[in-house]
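Everything on this sheet refers to the single structure shown next.
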């Protein structure tokens, strides 16, 4: 069945807590694959985020400023509802490991199943080798132990985000 959404645009959903160079790499590469790439910052009610969705949106807007065709939005709910609202049918997802694939595969099938006539599809992209080890969870763990994470963060927000990680670590509000 042919879907009804626009194939020239894709949605890249995630929590981006915090955004890192691996995310930015995928955004840059996705912007070359699609006319429009919508970076969708999730408000995940099942997981407490270190940074507010507003903070994550603002950092991603700074990181993506100047990348043609990229738009950053915030969403709360099912990603297939966002696809419908944006008249898109493609999801962009990064796959670092076999474990990532296993989890994302199930999510992709579920999204396709619940998307109805939209026919949501997921495009899996492997990370660039230099960013294949990055994960937001690991960045928060390293920061929690006083490690320097600035080299993992996009240059445009590295100083601000590193300082915020340190501030939250000092106040005891940093949990991984």
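Residue numbers (our numbering): 1472 to 1647.
All residues carry an ideal CB built from backbone N, CA and C; glycine is no exception.
For residue i, does the three-state DSSP call read helix, strand or coil?
i: residue 1518; result: coil
i: residue 1568; result: coil
i: residue 1553; result: helix
i: residue 1487; result: coil
i: residue 1622; result: helix
i: residue 1509; result: strand
Are the beta-carbon atoms belonging to residue i and residue j less than 7 Å from one another?
i: residue 1557; j: residue 1509; result: yes
i: residue 1523; j: residue 1512; result: no
i: residue 1622; j: residue 1491; result: no
i: residue 1480; j: residue 1507; result: yes
i: residue 1555; j: residue 1589; result: yes
i: residue 1514; j: residue 1531; result: no
i: residue 1562; j: residue 1482; result: yes
i: residue 1538; j: residue 1502; result: yes
Which first and last residues belong to the alpha helix (DSSP H) in which residue i is found?
i: residue 1501; result: 1492-1504
i: residue 1601; result: Looking at the DSSP string, residue 1601 is not in any alpha helix (DSSP H), and its letter there is neither H nor E.
Can you name the start and end residues of the beta strand (DSSP E) that residue i belongs to?
i: residue 1594; result: 1592-1596
The ligand HEM and residue i: does the residue's C-beta get closer than 6 Å to at least one heavy atom of that ligand?
i: residue 1530; result: Questions concerning the ligand HEM fall outside what the structure shown contains, since it holds no ligand whatsoever.
Whole angstroms are fine: how far does the CA of residue j sit from the CA of residue i?
i: residue 1611; j: residue 1504; result: 30 Å
i: residue 1615; j: residue 1640; result: 6 Å
i: residue 1553; j: residue 1566; result: 21 Å
i: residue 1488; j: residue 1638; result: 16 Å
i: residue 1534; j: residue 1495; result: 7 Å
Cβ of residue i less than 7 Å from any chain B Cβ?
i: residue 1574; result: Absent from the structure is chain B; it holds one protein chain and no more.
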